[in-house]
Amino acid sequence: MEIKHLQYFMEVTKTGSFTQAANQLYITQPAISRIIKSLEEELGFPLFIRSRKKLVLTEAGKVLHEHAKKIDKQYQAMLFDLEQFQQLKKGHMRIGLPSITNAFFFSQFIASFHRRYPDITFQLEEDGSKRIEEKVNEGELDFGVVVLPTQDDFATYTFIQEGLKLIVPTTHRFAHKKKITLNELKEESFIMFNNDFSLRESIVSACKDTGFEPKIILETSQLDFIEEMVASNVGITFLPDSTCRELTDKVTSISVANPTIKWELALIWKKDGHLSSVMQEFVRFAKETLI
10 MEIKHLQYFM EVTKTGSFTQ AANQLYITQP AISRIIKSLE EELGFPLFIR SRKKLVLTEA
70 GKVLHEHAKK IDKQYQAMLF DLEQFQQLKK GHMRIGLPSI TNAFFFSQFI ASFHRRYPDI
130 TFQLEEDGSK RIEEKVNEGE LDFGVVVLPT QDDFATYTFI QEGLKLIVPT THRFAHKKKI
190 TLNELKEESF IMFNNDFSLR ESIVSACKDT GFEPKIILET SQLDFIEEMV ASNVGITFLP
250 DSTCRELTDK VTSISVANPT IKWELALIWK KDGHLSSVMQ EFVRFAKETL I
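Numbered per this note's numbering, the sequence shown spans residues 10 to 300.
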């Protein structure tokens with residue numbers, strides 16, 4: 010018994026006519042009649058009561074029809090799953106990464122995903138969180154890694170929660186300190202990421218809550234340049250704890266207390282957007298790996 014023959018049987022049941030079923034299936038009427046006859050011979054029961062007006066299912070035909078519907082549903086589900094599996098073999102994803110982050114953790118994640126799905130390709134773009142959000146929202150990127158909080162338009166998966174540290178040159182008067190309060194920095198000159206970076210807002214807001222407006226003397230989008238300017242004693246800055254571990258010995262990092270400034274990093278994608286099977290697997294893999 011073939012799946013296709015059961016599908017032909019269901020079409021005859023639906024139309025109540027060999028001729029109409031044949032037209033719907035684009036085969037000849039004698040051909041579909043032979044298929045139904047072969048099914049009846051294989052099962053040992055007549056499946057239809059034949060009349061001039063309309064074919065009517067026999068009791069055996071009703072039993073076969075109920076099971077045929079279940080078999081066809083399962084068959085279609087199998088085809089869908091196999092198609093999804095086939096799609097997972099190939100694909101392309103565009104991902105935005107903030108230049109402030111230590112790229113090592115994400116490169117390891119991409120490498121792991123690539124080992125599992127070697128034919129999937131990636132396009133990685135570095136930018137600030139705000140620009141990444143805009144590009145995801147406009148469909149220019151499939152995913153983004155951004156600093157929280159973010160817009161309600163996005164689904165999110167938070168995978169890093171840590172504090173910011175003060176970065177000063179090794180010659181700075183605070184370089185020997187283990188901890189420092191924000192209030193002690195009100196006379197300092199600040200080097201900041203530009204307005205495309207959500208981290209800037211967090212720092213400025215924390216300073217204002219402490220009672221002063223930070224004196225920003227230099228803005229950039231480049232992490233390396235910020236480090237060089239701090240090392241050259243141009244000003245101070247704040248960076249996430251994980252990023253601090255990759256800095257050179259020209260600068261030193263100091264914990265910040267009263268208040269501490271928290272930093273959360275999340276993977277985002279459009280909440281109401283269609284996710285292909287590749288993208289769904291990417292999200293699942295991220296939740297399994299980025300913990």
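Just so you know, even glycine gets a beta-carbon here, dropped at the ideal spot from N, CA and C.
Quick caveat: nothing in here was measured; it's all calculated off a predicted structure.
{"query": "Taking three-plus beta-carbon pairs below 8 Å as touching, is the stretch 164-181 in contact with the stretch 275-293?", "result": "yes"}
{"query": "Beta-carbon within less than 8 Å of T67's beta-carbon, same chain only, minus the 5 sequence neighbours each way: which residues are those?", "result": "F54, P55, L56, F57, I58"}
{"query": "Nearest to L73 by alpha carbon, out of I44, N203, E49?", "result": "E49"}
{"query": "Ignore the nearest five residues each way along the sequence and tell me which others in M19's own chain have a CB closer than 6 Å to its CB.", "result": "A77"}
{"query": "With DSSP as the reference, label E197 as helix, strand or coil.", "result": "coil"}
{"query": "What is the residue span of the alpha helix (DSSP H) that Q33 lies within?", "result": "27-34"}
{"query": "By the DSSP assignment, the alpha helix (DSSP H) with I141 in it spans what residues?", "result": "138-146"}
{"query": "So what's L256 in DSSP terms, helix, strand or just coil?", "result": "coil"}
{"query": "Do S262 and I176 have their C-beta atoms within less than 7 Å of each other?", "result": "yes"}
{"query": "Does the beta-carbon of Y35 have 16 or more other beta-carbons within 10 angstroms, so that it is buried, or is it exposed?", "result": "exposed"}
{"query": "Between L133, L15, K63, T24, which lies nearest to V84 when the distance is taken from Cα to Cα?", "result": "In the sequence as presented, Val is not what sits at residue 84; that position holds Tyr. Of the listed residues, the one whose Cα sits closest to Y84 is L15."}
{"query": "Buried or exposed: where does P249 fall if 16 or more other Cβ atoms within 10 Å of its Cβ makes it buried?", "result": "buried"}
{"query": "What three-state label does DSSP hand H14 in the structure shown?", "result": "helix"}
{"query": "Which same chain residues, not among the five before or five after F122, have their C-beta less than 6 Å away from its C-beta?", "result": "F294"}
{"query": "Do F118 and L299 have their CB atoms nearer than 7 Å?", "result": "yes"}
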